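Going by numbering that gives the first Met the number 0, the first residue of the sequence shown is number 0, and it counts up by one from there.
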Amino acid sequence: MTDRRHKEPSLNPKQRKFATSTGVFCLVLAVSTTLTGCSQEKRNYQLPATFCGIHEKKSLYAPIFPPGDKLKQNSLRALKGVEESERCDYYIDGYVKITVNGDWYDKMLTPQPTLESLIAEHGNYKPKKVSGKHSAATWPYGAVSLVKCPNSEYRANLYSLTIYSDAIKDRDESHRVLGDLIQSFTSKVLKILPCEDKATTAAH
């Protein structure tokens, strides 16, 4: 029975040399094109003067803003804890690339939220704890903090901040950058949150 499978055509030495040279050229061209494309990715817009209305160091939030041409923010109002849930979105070229949430949690809520349960809302990720003053953790595309902040208006005893950005592809670098940002950002937001224990402390 005749074997009808395709066989590699035989090449004479001259043809083989030409094919090899062409293959190397194509490989170099492909690599060159890829590298050139990557080098052209840059941020062509100005960073916001504040991060969701909070005066934060630009060096902390700059890395989570991806390349693009046009930046738009959905709200210029700062996260001040004046609503049960507040949200700040940054659009890059028409797409939401950064989201920041601030949420109160009812003290009667059972079970009470944890870093693990808050991160689980974003997917099946294992939290990576962040060292620092506040209880915080990261997952590959974001960071969350959970702090005590009693407030009778919302019947709350806990407040969380969540920062989402997938601009940093390296997992270790993402953990470092988002970890540093969530710790500093939480400290600054806490200064303006209406936590009732702050007033009590001041009175003493």
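By construction, the Cβ of each residue, glycine as well, lies at the ideal position given by its N, Cα and C atoms. Treat the numbers as computed from the prediction; the structure is a model and nothing was measured.
Just to confirm the assignment, what range does the beta strand (DSSP E) spanning T161 have? Mapped onto the sequence shown, residue 161 falls at position 162. For T161, the enclosing beta strand (DSSP E) begins and ends at A155 to S164.
Per DSSP, what are the beta-bridge partners of D102 in this structure? Counting from 1 along the sequence shown, the entry for residue 102 is found at position 103. BP columns for D102 point to S84 and S159.
Starting from K71, trace the beta strand (DSSP E) in both directions and tell me its first and last residue. Position 72 of the sequence shown, counting from 1, holds the residue named residue 71. Looking at the DSSP string, the run of the beta strand (DSSP E) that includes K71 is L70 to Q72.
On the DSSP letters alone, give me the boundaries of the beta strand (DSSP E) that K128 sits inside. Position 129 of the sequence shown, counted from the start, is the residue given in the question as residue 128. Counting along the chain, the beta strand (DSSP E) containing K128 begins and ends at K127 to V129.
Inspect the CB distances between the region 89-107 and the region 148-167 and report whether three or more fall short of 8 Å. yes
I want to know whether the region 170-182 touches the region 136-151 - three or more CB-CB distances under 8 Å. yes
Pairwise C-alpha distance: R42 and T185: Position 186 of the sequence shown holds residue 185. Position 43 of the sequence shown holds residue 42. Looking at the two C-alpha atoms, the distance is approximately 26 Å.
Under the three-state DSSP convention, the category S134 falls into: For the purposes of this step, residue 134 is taken as the residue at position 135 of the sequence shown. Three-state result, S134: coil.
Under 8 Å by Cβ, that's how I've got D112 and L145 pegged, so tell me the actual separation to the nearest angstrom. For the purposes of this step, residue 112 is identified with residue 113 of the sequence shown, where counting begins at 1. For the purposes of this step, residue 145 is identified with residue 146 of the sequence shown, where counting begins at 1. The residue you asked about is not Asp; residue 112 is Pro in the sequence shown. Going by Cβ atoms, the distance from P112 to L145 rounds to 6 Å, so yes, they are a contact pair.
Which same chain residues end up closer than 7 Å to C194 when comparing Cβ atoms and leaving out the 5 residues on each side of it in sequence? Taking the first residue of the sequence shown as 1, we reach residue 194 at position 195. Counting only Cβ-Cβ distances below 7 Å, and skipping sequence neighbours, we find C148, P149 and N150.
Contacting residues, own chain, Cβ-Cβ under 7 Å from K57 (five flanking each side not counted): The count along the sequence shown starts at 1 and reaches residue 57 at position 58. Cβ within range, chain order: L46.
Hey, V99 and I162: beta-carbon distance below 7 Å or not? Position 100 of the sequence shown, counting from 1, holds the residue named residue 99. Position 163 of the sequence shown, counting from 1, holds the residue named residue 162. Contact flag set, yes.
Is it buried or exposed for A48, if we count other Cβ within 10 angstroms and need 16 for buried? One-based indexing of the sequence shown puts residue 48 at position 49. Exposed is the call here.
Give the secondary structure of K190 by DSSP, where H, G and I count as helix, E and B as strand, and everything else as coil. Numbered from 1 along the sequence shown, position 191 holds the residue referred to as residue 190. In the structure shown, K190 sits in a helix (DSSP, three-state: H, G or I).
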